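*Asks:*
There are 2 protein chains.
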Amino acid sequence: MSHYDNGTTGRPRNFPENFNMERQNMQESARIEEVLSTLDRGLPEALDRLVEFLRIPSISTDPAHKGDVRRAAEWLCAELAGLGFEASIRDTPGHPMVVAHSPKGERRALLFYGHYDVQPVDPLNLWDRPPFEPAIEDTPAGKVIRGRGAADDKGQLMTFVEAFRAWKAVHGNLPTDLILLFEGEEESGSPSLRPFLHENAEELRAGIAMICDTGMYSDGRPAITTQLRGLCGEEIIVHAADRDLHSGSFGGLAANPIQLLVNALATIKDETGSVTLPGFYDGVEDLSNELRADWEDLGFDAGDFLSRVGLKHPVGEQGRTGLEMVWNRPTFEINGISGGYTGEGFKTVLPAEARAKVSFRLTGTQDPEKIRAAFRAHIRAALPEDCSVEFHEHGGSPASRMDISDPAFAAAKEALSEEWGREAAYIGAGGSIPIAGDFKEILGMDSMLIGFGRDDDRIHSPNEKYDLASFAQGARSWARILAALS
Amino acid sequence: MSHYDNGTTGRPRNFPENFNMERQNMQESARIEEVLSTLDRGLPEALDRLVEFLRIPSISTDPAHKGDVRRAAEWLCAELAGLGFEASIRDTPGHPMVVAHSPKGERRALLFYGHYDVQPVDPLNLWDRPPFEPAIEDTPAGKVIRGRGAADDKGQLMTFVEAFRAWKAVHGNLPTDLILLFEGEEESGSPSLRPFLHENAEELRAGIAMICDTGMYSDGRPAITTQLRGLCGEEIIVHAADRDLHSGSFGGLAANPIQLLVNALATIKDETGSVTLPGFYDGVEDLSNELRADWEDLGFDAGDFLSRVGLKHPVGEQGRTGLEMVWNRPTFEINGISGGYTGEGFKTVLPAEARAKVSFRLTGTQDPEKIRAAFRAHIRAALPEDCSVEFHEHGGSPASRMDISDPAFAAAKEALSEEWGREAAYIGAGGSIPIAGDFKEILGMDSMLIGFGRDDDRIHSPNEKYDLASFAQGARSWARILAALS
């Protein structure tokens, strides 16, 4: 019996009842210990499976890897079918979904979500090993699994799968009422996800969703993420002359699209770090006093955090704490820029065009489409009439905030605290996992965001890794949570 | 006898002298007509030679083409040796020089300078034909030679060579006292040129230099360029974190090197188009009233000029004419920029570094090294202390202004006017041909900049071409100038 069930049964706590509950608790407890020791014994084989999964270069954003993305879906589908799930590959206009069901039962259904696609690997020369030839490495901080996708998100996703496998080995069958949804487009803006949720709402609707694409608060402290920033991604192409020009013949007279782009991008934020677009802060909410106190209790040190990546000084809005900057404040970032001659040597060219990829992180109820419109108006206003601009949308999703009064949160928090021997924390996340908002909007369900990633996992960067401890204790954590919510 | 010699002999113009001079003039005139008709008859073979030369992808700025650059030098050296020049390939720490001499005589030596290297070809997809598979094409404006280097500078350089060839065919030997210097690093900042001039000053010093790397004023109007802008080229690499970061985890807190670079580059020019670096305008000179009147007479229309490349509005300093903007005012240009994710799709990355290649065009006596120092100080001041910047120098040369009181200018102007049937013009050039300043500084000689390029030659751009008329009449022009200066 879990804390969760204790809070909802409402039966009188007389002796016989308690006695029965004690016996039941002891049986349950024996069972969960058996599942956990099964997980421990099976770790070498579980790692072999993960390495096999990581070898598939399922880069969803690069059309050259379309076949690899499908291969990852097929691998995963076969794994789940082998465990007894009714598993299938479901085609979309983009990369496929993998959907699986355990047998129907009578409890509140749980939906597990993860993604099997990975980020691109450039710059390749900064990797210490080929990104798709993963290996277990010894590091001063312990063993890690190194390779693209180890932490984001294949390694995390497999913590679900290994928990289900061990559960089945001990109980003889899968937990009932599980719905698994694994997508292959998370790293490229999930274009097919919302249509898929709409089309399959009946099939996918559950009591609550479990999302494994987040991290621990800090090494060894488990966490449940209760708020996520939203995202508005844009690509801009500024066009000036109809060809590249020689800067000797035309420099000083003809418009330079790089300069126009640079000027426009330099004025999106002011010198205090605030975004200047009109209406940008509409819907941004300050922290509740309760959450502010919780976050202060985490003892976050922005300087220490930055020093791990070779920096010292926070650059966000003045007057905000470090955690506010990354979890509760919106921001603007230039994620990529290109134009003119960028090869070796030098070329005195005035190029015909210049490009940038930018994104806004959103909080509260900021509307990504209103912000996209304000951004586009700002860029257009910065260009002379003989130049033009193309915009390409790269995803838009509002921020998410979970309702932690659902008792499932407290139950999972307790299970996590038991596994890790430390009080689990409610935290925020600076990243965007639009799926949480989509689940709420389309399927009407809240999400519990629980993952075992670490700040130094180098996700989206060269030399991505996932701690062996995260993988092993992650699977154990899910086994405990499954038991707690059963 | 040329106008030039008339102005310097100082012999009394009595009858017998004049009678002899008349006869001499008639003989000279017959001879030059013979050279010109030899050039006309030999045009098909001259084009075959040029096409062969253009097929060699001598891109000096790209180390992958080092062998091709040498091959172009060898091709040229063999051509010159075949004409009777004492020609040799002279190694440097970079790409080689080709130096050739005609037999010693008694007149004022003439040095001919050109370059056999070419610009890179990207973006390759905008070329209508492979850039190193040149061909003669029919266009509404006449025949053109299409290919990388056709106008800049192989086609122009070959106008020298074909004039020498025809001269030799008619006279039985080369003109005496010619020195030829062809370099292979002009498109990559000429790093070896100044040391080479210093080391070989005695051998290379002439009365005046002829430089073929410029253009006509407008279609059909020949010109002598009497002033050139200088150049100061720089590459910047801004470093922030020691790795690429996820903008979800770090965005709003960690420095973004693209944003830092963009902010720094946006403030180099103010909203009136003026450069804001302290001391930048030291040494910039306004036009003389005489030159201002000459330039106004050219009837330049900036809007019309820009409309040929799809633009409308001059963007230079307020209150300046179009010709001033490109010929007599300094400017700042961003020639290339890169950072973060620029591939297909989207990647929410905060990159570790961002790069730009920039250049200043200089006029008057602006000092490239002072401007480089002011630029670097500006960039450094724009960065927080936990970020750093690397600078790489890409050439620096002051502007050049020729002394047109040297009577060789008037002689060449007359020869050009005769060939083209229109009054040749003294003009400026917005581009940088640092060699003219180097010749003055190191060898103590002025340069005559005469070329037959057109504004629509697309030099440094895809689909570069050289008009067949420029090539044919260019060679004829040099034959006339050789005669006029003999």
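Heads up: the sequence lines are chains L and P, in that order.
Numbers 153 to 638, taken from this note's numbering, label the letters of the first sequence in order.
Numbers 153 to 638, taken from this note's numbering, label the letters of the second sequence in order.
We put the CB at the ideal spot given by N, CA and C, even for glycine.
Small disclaimer: the values here were computed from a predicted structure and weren't measured.
With a 10 Å radius around its C-beta and 16 neighbouring C-beta atoms as the bar for buried, classify residue 636(L) as buried or exposed.
*Replies:* By the neighbour-count rule (16 or more Cβ atoms within 10 Å), residue 636(L) is buried.
*Asks:* Apply the 10 Å Cβ neighbour rule to residue 424(L) and answer buried if 16 or more other Cβ atoms are within range, or exposed otherwise.
*Replies:* Answer is exposed; the Cβ neighbour count stays below 16.
*Asks:* Would you kindly work out how many angstroms separate the C-alpha atoms of residue 488(L) and residue 400(P), rounded to a whole number?
*Replies:* Straight-line Cα distance between these residues: approximately 15 Å.
*Asks:* Determine, using beta carbons only, whether residue 611(L) comes closer than 7 Å to chain P.
*Replies:* Closer than 7 Å: yes.
*Asks:* Exposed or buried, what is residue 179(P) when buried is set at 16 or more other beta-carbons lying within 10 Å of its beta-carbon?
*Replies:* Result: exposed.
*Asks:* Taking only three categories from DSSP, how would you classify residue 384(L)?
*Replies:* Strand, per DSSP.
*Asks:* Please look up how many angstroms separate the CB atoms of residue 415(L) and residue 534(L), rounded, as I've assumed it's under 8 Å.
*Replies:* Yes, residue 415(L) and residue 534(L) are in contact; Cβ-Cβ is about 6 Å, under 8 Å.
*Asks:* Could you confirm whether any beta carbon from chain P is found closer than 7 Å to the beta carbon of residue 477(L)?
*Replies:* Interface residue, yes.
*Asks:* Is the CB of residue 500(P) under 7 Å away from at least one CB in chain L?
*Replies:* Judged by the 7 Å Cβ criterion, residue 500(P) is in contact with chain L.
*Asks:* How do the segment 227 to 234 of chain P and the segment 493 to 513 of chain L stand: do at least 3 beta-carbon pairs fall below 8 Å, yes or no?
*Replies:* Touching, no.
*Asks:* Inspect the beta-carbon positions of residue 144(P) and residue 601(P) and report whether they are closer than 7 Å.
*Replies:* In the structure as shown, chain P begins at 153 and stops at 638. Residue 144(P) is therefore absent and cannot be evaluated.
*Asks:* Alpha carbon to alpha carbon, what distance is there between residue 341(L) and residue 164(L)?
*Replies:* Interpretation of residue 164(L) is limited by its pLDDT of 34, a score under 50 that renders its predicted location unreliable; the figure taken from the coordinates is listed afterwards. When rounded, the distance between both Cα atoms is 50 Å.
*Asks:* Leaving out the 5 sequence neighbours to the left and right, which residues in its chain are closer than 6 Å to residue 378(P) when beta-carbon positions are compared?
*Replies:* The answer, listed in chain order, is 554, 556, 578.
*Asks:* Of all the options 464(P), 532(P), 531(P), 519(P), which has the alpha carbon lying nearest to the alpha carbon of residue 537(L)?
*Replies:* For the residues 464(P), 532(P), 531(P), 519(P), the minimum Cα distance to residue 537(L) belongs to 464(P).
*Asks:* Note down the Cα distance separating residue 492(P) from residue 634(L), rounded to an integer number of angstroms.
*Replies:* So the alpha carbons of these two residues sit roughly 41 Å apart.
*Asks:* What's the C-alpha gap between residue 369(L) and residue 625(L)?
*Replies:* Computed Cα separation, rounded: 15 Å.
*Asks:* Just checking: is the beta-carbon of residue 622(P) within a distance shorter than 7 Å of some beta-carbon in chain L?
*Replies:* Chain L, which has no Cβ nearer than 7 Å to the Cβ of residue 622(P), makes this no.
*Asks:* Taking only the alpha-carbon atoms, compute the straight-line gap between residue 355(P) and residue 333(P) and give it to the nearest angstrom.
*Replies:* About 11 Å.
*Asks:* Please confirm whether residue 403(P) has its beta-carbon closer than 7 Å to some beta-carbon of chain L.
*Replies:* Answer yes: the Cβ-Cβ gap between residue 403(P) and chain L drops below 7 Å somewhere.
*Asks:* Nearest by alpha-carbon distance to residue 152(P): which of 336(P), 351(P), 389(P) is it?
*Replies:* Outside the modelled stretch of chain P, which goes from 153 to 638, sits residue 152(P), for which no answer is possible.
*Asks:* With distances taken from CA atoms, which of 247(L), 359(L), 587(L) is nearest residue 219(L)?
*Replies:* Cα-wise, what sits closest to residue 219(L) is 247(L).
*Asks:* Locate the alpha helix (DSSP H) running through residue 202(P), then write down its first and last residues.
*Replies:* 195 to 206 is the span of the alpha helix (DSSP H), which, as asked, contains residue 202(P).
*Asks:* Could you tell me which whole alpha helix (DSSP H) segments of length 4 or greater appear in the segment 433 to 463 of chain P?
*Replies:* Correct list: 441 to 449, 454 to 459.
*Asks:* Using a Cβ-Cβ distance cut-off of 7 Å, determine whether residue 530(L) contacts chain P.
*Replies:* Judged by the 7 Å Cβ criterion, residue 530(L) is not in contact with chain P.
*Asks:* Name the residues in the segment 491 to 525 of chain P whose C-beta lies less than 9 Å from a C-beta of chain L; which are they?
*Replies:* Those residues of the segment 491 to 525 of chain P that come within reach of chain L (Cβ to Cβ, closer than 9 Å) are 491, 492, 493, 494, 495, 496, 497, 498, 499, 500, 501, 502, 503, 504, 506, 507, 508, 509, 511, 513.
*Asks:* Assign residue 518(L) to one of three DSSP states: helix, strand, or coil.
*Replies:* The answer is coil: DSSP assigns residue 518(L) none of H, G, I, E or B.
*Asks:* Determine the extent of the alpha helix (DSSP H) in which residue 401(L) is found, giving its start and end residues.
*Replies:* Unbroken alpha helix (DSSP H) run through residue 401(L): 399 to 402.
*Asks:* How about residue 441(P): is its C-beta nearer than 7 Å to some C-beta of chain L?
*Replies:* It does not; no Cβ of chain L falls within 7 Å.
*Asks:* Going along chain L in order, which residues have a C-beta closer than 7 Å to the C-beta of residue 465(P)?
*Replies:* Residues of chain L passing the Cβ test: 536, 538.
*Asks:* Taking a cut of 8 Å between CB atoms, which residues from the segment 373 to 402 of chain P lie near chain L?
*Replies:* Those residues of the segment 373 to 402 of chain P that come within reach of chain L (Cβ to Cβ, closer than 8 Å) are 381, 383, 385, 387, 392, 393, 394, 395, 396, 397, 398, 399, 400, 401, 402.
*Asks:* Tell me which same chain residues have a C-beta within less than 7 Å of the C-beta of residue 256(L), skipping the five on either side of it?
*Replies:* Closer than 7 Å at the Cβ level, and outside the excluded window around residue 256(L), lie 328, 329.
*Asks:* Pull up the CB-CB distance for residue 296(L) and residue 617(L), whole angstroms please, since I reckon it's below 8 Å.
*Replies:* Their Cβ separation, rounded to whole angstroms, is 4 Å, which keeps residue 296(L) and residue 617(L) in contact under 8 Å.
*Asks:* Let me confirm a value: residue 365(P) is counted as buried when at least 16 other C-beta atoms fall within 10 Å, else exposed. Which label applies?
*Replies:* Residue 365(P) is buried by the Cβ-count criterion.
*Asks:* As a quick exercise: from 502(L), 474(L), 519(L), pick the residue whose alpha carbon is nearest that of residue 390(L).
*Replies:* Measuring from the Cα of residue 390(L), the nearest candidate turns out to be 502(L).
*Asks:* Threshold first: 3 residues or longer. Then list the beta strand (DSSP E) segments lying entirely within the segment 329 to 386 of chain L, N to C.
*Replies:* Counting whole runs of 3 or more residues, the segment 329 to 386 of chain L contains the beta strand (DSSP E) stretches 330 to 335, 360 to 363, 375 to 380.
*Asks:* Roughly how many angstroms separate the alpha carbons of residue 426(L) and residue 469(L), rounded to a whole number?
*Replies:* So the alpha carbons of these two residues sit roughly 6 Å apart.
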